[in-house]
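What follows is one structure encoded as C-alpha cells, with my remarks underneath.
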Amino acid sequence: MAAGKHSQTAIGLHWITALAVLGLLGVGLWMVGLPLGLLKLKVYAWHKWIGLAVLALTVARLLWRWRHPPPSLPGSVRDWERRLAPIAHWTLFALLLAMPLSGWLMNSAAGVGLYWFGYIPIPDLVPRDPDLFAALKTVHKVLSRLLIAVVALHVGAVIYHDVLRHDGVFRRMWPTGGK
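Take the sequence shown: its position 22, counted from the start at 1, is 36 in the numbering used here, and no numbers get skipped.
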C-alpha cells in the first residue's frame with residue numbers, strides 16, 4: 015500500500031457502501047410516492063434488504079478501520095480541514111448506522127415480517143406498535159435528509175480537494191490511485 019493511500023479492502027468497502035447508499039436514497043425518495051401494489055411492495059423489500067446490507071457493510075468498515083487506521087492526510091491539507099475531516103467521517107458513520115437501524119425498528123414496529131433477500135429471517139427489534147411506527151417513520155425521514163446533506167458535503171469536499179486543491183485526497187480512496 016502506497017504511503018497515504020487507503021487499503022484495497024477499505025477502498026472496496028467504501029465504494030460498495032457509497033453505491034448502495036446512493037441507490038437507497040434515490041429509491042427511497044421515489045418509492046414513497048408509488049401507488050400501493052406489487053411494484054411498491056417489491057421496491058420496499060429491496061430497499062430493506064439493501065439497507066440491512068449497508069448496516070453490515072458499515073459494521074465491517076468500522077471493524078476494518080479499528081484494526082487498520084486510515085493513513086494520514088497529505089501535508090498540504092489545512093489545519094481546519096484536518097480537524098473537520100474526522101468529524102465529517104464519524105458523522106457519516108453514525109448516519110450509516112442510524113439509518114438502517116431506524117428502518118429496521120420501523121419495520122419491526124409495523125409488525126411486518128422481514129426476510130433478508132427473501133430467505134434469512136430477521137428478528138423484530140421491538141413489538142408491533144403503531145404509535146412507535148409513526149415516530150420511527152419521522153425519524154427515518156429526518157435521518158435520510160441529514161444523510162443526503164452530509165453526503166452532498168462529502169462529495170463537495172472531494173471535488174474541492176481534487177479539482178481546486180489537487181492535493182491527492184481523492185486519489186487516496188480511488189481504486190486505481192487516480193492513475
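Glycine included, C-beta positions come from ideal geometry on N, C-alpha and C.
This structure is a prediction, so every number in the text was calculated from the model and none was measured.
Buried or exposed: where does Met190 fall if 16 or more other Cβ atoms within 10 Å of its Cβ makes it buried?
-> Checking the sequence, you will find Thr at residue 190 rather than Met. Counting Cβ neighbours within 10 Å, Thr190 comes out exposed, since fewer than 16 surround it.
Beta-carbon proximity list for Leu160, same chain, < 7 Å, skipping 5 on both sides = For Leu160, same chain residues with a beta-carbon under 7 Å away, outside a window of 5 residues either side, are Leu109 in chain order.
Met15 to Arg75 span [Cα, whole Å] | Summary for Met15: the model assigns pLDDT 41, below 50, so the residue's position carries little reliability, and this model does not support an answer.
Answer with buried or exposed for Val68, where buried requires no fewer than 16 other C-beta atoms within 10 angstroms of its C-beta.
-> buried
CA-to-CA distance, Gln22 to Ala32, given in whole angstroms = 15 Å
Cβ distance (whole Å) where Leu66 is taken to contact Trp118 below 8 Å = 7 Å
Start-to-end residues for the beta strand (DSSP E) that takes in Leu128 = Leu128 to Trp130
Does the beta-carbon of Val177 have 16 or more other beta-carbons within 10 angstroms, so that it is buried, or is it exposed?
-> exposed
Is it right to say Lys62 is buried, meaning 16 or more other beta carbons lie within 10 angstroms of its own, or is it exposed?
-> buried
Around the C-beta of Val46, are 16 or more other C-beta atoms found within 10 angstroms, so that it is buried, or is it exposed?
-> exposed
Could you give the distance in angstroms between the alpha-carbon of Ser122 and the alpha-carbon of Phe147?
-> 8 Å
Express the C-alpha separation of Ala24 and Leu12 in angstroms, rounding to a whole number.
-> Given that the chain is displayed from residue 15 to residue 193, the structure contains no residue 12 and the question cannot be resolved.
In angstroms with no decimal places, state the Cα-to-Cα distance between Gly42 and Ile136.
-> Gly42 and Ile136 have their C-alpha atoms roughly 20 Å apart.
With a Cβ-Cβ cutoff of 9 Å, do Val183 and Pro88 count as a contact?
-> yes
Please classify Val35: is it buried, with 16 or more other beta-carbons within 10 angstroms of its beta-carbon, or exposed?
-> buried
With respect to the alpha helix (DSSP H) encompassing Pro114, which residues constitute its N-terminal and C-terminal limits?
-> Asp93 to Ala124
Please name the residue or residues paired with Ile136 in a DSSP beta bridge.
-> Leu128
To which residues of the same chain is Met213 closer than 7 Å at the C-beta, ignoring the five residues directly before and after it?
-> Nothing about residue 213 can be reported from this structure: the residues present for the chain run from 15 to 193 only.
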